[in-house]
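Q: Quick note: the sequence shown uses my numbering, first residue 1, plus one each step.
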Amino acid sequence: MRKKHIRNFDEQLWRPGQFNGNHSVLELGTGTGLFLAYLLAKGITRFSGVDGDPLVKDHMPETIAEKVTIGDIWDVLEASSERFDRIVMLDVFEHFSYFEGHRLLTVLKERLTEGGKIILRVPNAASPFGLQYQYNDLTHKAVYGPGSIEHLAHAAALKVERRLSARRGNRFKRAVEDLVLGILDRVLTEPPPLWGANMIVVLSAK
1 MRKKHIRNFD EQLWRPGQFN GNHSVLELGT GTGLFLAYLL AKGITRFSGV DGDPLVKDHM
61 PETIAEKVTI GDIWDVLEAS SERFDRIVML DVFEHFSYFE GHRLLTVLKE RLTEGGKIIL
121 RVPNAASPFG LQYQYNDLTH KAVYGPGSIE HLAHAAALKV ERRLSARRGN RFKRAVEDLV
181 LGILDRVLTE PPPLWGANMI VVLSAK
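So this is what it looks like as structure tokens:
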């Protein structure tokens, strides 16, 4: 776990999602387990994950792999009634169609503890920088901008607590980016609501 990963997760997820060390966390679509390793580094031990690819466990330490279930997300959710303080999907939600996404959010809402939150990271189609992330993967089934993700959340009886750009890069690049985008915000008649190529969305029950 590199310092830059910790810094990025702190900025994109920990603070916006108001995590703390006592939370129980479920990640859907773990990949190689980078976020779960981050949770462990932050002192969270009550976490679990789900992924459809059995090979991902080959890239995880045993302390993380033993908490990851390999299987279909729908089947795993149906087989358990466990509730979580935070449910996280990073670059996963866009792989579901709009109808599947609505169903998934509805199911996940019932898996939240009181005060629980769902945190998504998806490509930001409202930004010209997000199109490469959206359309370079043929397995993406849905396209989201800040407005459309809010519409879907409301349909699932969820409210959007926060929407923010998932930013990367060093301080110098960010400073230059802030300057350029600040100018564009002033000269364009219709700038996007979020410039980030990917966006973080924090949801909670209404």
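Ideal placement from N, C-alpha and C gives every residue a C-beta, glycine not left out.
Owing to the predicted nature of the structure, the values given are computational and were not obtained by experimental measurement.
Jot down the residue ranges of each uninterrupted beta strand (DSSP E) in the region 5-29, minimum 3 residues, whole runs only, in chain order.
A: For the region 5-29, whole beta strand (DSSP E) runs of length 3 or above, ordered along the chain, are 25-28.
Q: Going by the beta-carbon positions, is the gap between G29 and D58 smaller than 8 Å?
A: Indexing the sequence shown from 1 puts residue 29 at position 29. Indexing the sequence shown from 1 puts residue 58 at position 58. Not in contact: G29 and D58 (Cβ atoms no closer than 8 Å).
Q: DSSP beta-bridge partners for I118?
A: In the sequence shown, counting from the first residue as 1, residue 118 sits at position 118. DSSP, once it has assigned bridges, lists I87 and L203 as partnering I118.
Q: What three-state label does DSSP hand F47 in the structure shown?
A: As a position in the sequence shown, residue 47 is number 47, starting the count at 1. In the structure shown, F47 sits in a strand (DSSP, three-state: E or B).
Q: From G49 to E27, what does the alpha carbon distance come to, in whole angstroms?
A: Taking the first residue of the sequence shown as 1, we reach residue 49 at position 49. Taking the first residue of the sequence shown as 1, we reach residue 27 at position 27. Their backbone Cα atoms lie some 5 Å apart in a straight line.
Q: Expressed to the nearest angstrom, what Euclidean distance is found between the alpha-carbon atoms of L120 and A153?
A: Translated into the one-based positions of the sequence shown, residue 120 becomes position 120. Translated into the one-based positions of the sequence shown, residue 153 becomes position 153. Distance between the alpha carbons of L120 and A153 is about 11 Å.
Q: Relative to the C-alpha of L90, which candidate in R83, G33 and E110 has its C-alpha closest?
A: Position 90 of the sequence shown holds residue 90. Among R83, G33 and E110, the Cα nearest to that of L90 is on G33.
Q: Within the chosen definition, does the region 124-131 reach the region 188-199 through at least 3 CB pairs nearer than 8 Å?
A: The answer is yes - the region 188-199 touches the region 124-131, with three or more Cβ pairs under 8 Å.
Q: Which of helix, strand or coil does DSSP assign to S148?
A: Locating residue 148 in the sequence shown gives position 148, where the first residue counts as 1. Correct three-state label for S148: helix.
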